[in-house]
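Only one structure is covered here, and it is reproduced in the block below.
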Amino acid sequence: MHLENGRETIMTRTMSALALALMLAGAPALAQNAVPAEPVGPKLPADVRALLLKEMNAIEAATQDIMNALVRGRSDVVAEKAQAIHDSFILKQEMTEADRKALAEAAPKAFVDRDRAFHALTGDLAEAARTGDAERQRALFGEVVEACAACHERYATNRFPAFAE
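The sequence shown lines up with residues -31 to -1, 1 to 134 when you count with mature numbering (1 follows the signal peptide of the UniProt record, and there is no 0).
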């Protein structure tokens, strides 16, 4: 086994352990508000749903990059990726007025509020990274993971059926 492969294996295990620890830390909170609402996605027109999925995929990729950067001590990458999530404009840039109206009709106010809070949270994470506060970065990243899981549990059980069990 090459040393680089060994490092990669150790890094993968470390990242997996960090993700599990962060998710388990949020598990009690998830259980407390585990009242699924009607999923939002199926209520959306196909083009709006596609935009939402595109944004969610970009957030997922950036979140994975953040976790990788956290375990490597790369605050610069954490700042860049967290800011990208905060500023994600896929929906804003590509939606028509009709699309916005359809989203507003399909998504309850609590969903919109949760989304705004999530983007504010990622802005806080970016700021913690810019200041080099590693402890705060880890804590905020745990909150980001919790926010994702809680939203999926509440509004996306059609895509994540394990939350509906």
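Glycine residues also receive a C-beta, built at the ideal position from the N, C-alpha and C atoms.
Since we're looking at a predicted model, the values are computed, not measured.
Assumed close pair residue i, residue j - CB separation to whole angstroms, cut-off 8 angstroms
{"i": "Val9", "j": "Ala76", "result": "5 angstroms"}
{"i": "Ala89", "j": "Ile54", "result": "Rounded, the Cβ-Cβ distance is 11 angstroms, inconsistent with contact."}
{"i": "Asp16", "j": "Asp68", "result": "7 angstroms"}
{"i": "Pro14", "j": "Ala71", "result": "5 angstroms"}
{"i": "Phe110", "j": "Leu39", "result": "6 angstroms"}
Classification of residue i by the beta-carbon crowding that lies within 10 angstroms, buried from 16 upward
{"i": "Ala91", "result": "In the sequence as presented, Ala is not what sits at residue 91; that position holds Thr. By the neighbour-count rule (16 or more Cβ atoms within 10 Å), Thr91 is buried."}
{"i": "Val81", "result": "exposed"}
{"i": "Arg123", "result": "buried"}
{"i": "Gln62", "result": "exposed"}
{"i": "Ala73", "result": "exposed"}
{"i": "Ala48", "result": "buried"}
{"i": "Glu7", "result": "exposed"}
{"i": "Glu66", "result": "exposed"}
{"i": "Ala131", "result": "exposed"}
{"i": "Ala79", "result": "exposed"}
{"i": "Val113", "result": "buried"}
Residue from the options with nearest C-alpha to residue i
{"i": "Ser57", "options": "Cys120, Glu112, Arg41 and Leu20", "result": "Leu20"}
{"i": "Met36", "options": "Glu24, Arg18 and Lys50", "result": "Lys50"}
{"i": "residue 169", "options": "Ala119, Glu122 and Ala97", "result": "Look at the range of the chain in this structure, -31 to 134, and you will see that residue 169 is not part of it."}
{"i": "Cys119", "options": "Glu104, Leu94 and Asp84", "result": "It should be pointed out that residue 119 corresponds to Ala in this sequence rather than to Cys. When only C-alpha atoms are compared, the closest one is Asp84."}
{"i": "Gly101", "options": "Gly42, Ala79 and Asn127", "result": "Gly42"}
{"i": "Met64", "options": "His121, Arg18, Ala27 and Arg128", "result": "Arg18"}
Beta carbon of residue i nearer than 8 angstroms to that of residue j
{"i": "Glu29", "j": "Ile59", "result": "no"}
{"i": "Ala103", "j": "Gln52", "result": "no"}
{"i": "Pro5", "j": "Ala116", "result": "no"}
Heavy atom of the ligand NAP within 7 angstroms of residue i beta-carbon
{"i": "Val113", "result": "With respect to the ligand NAP, the structure shown offers nothing to examine, as it has no ligands at all."}
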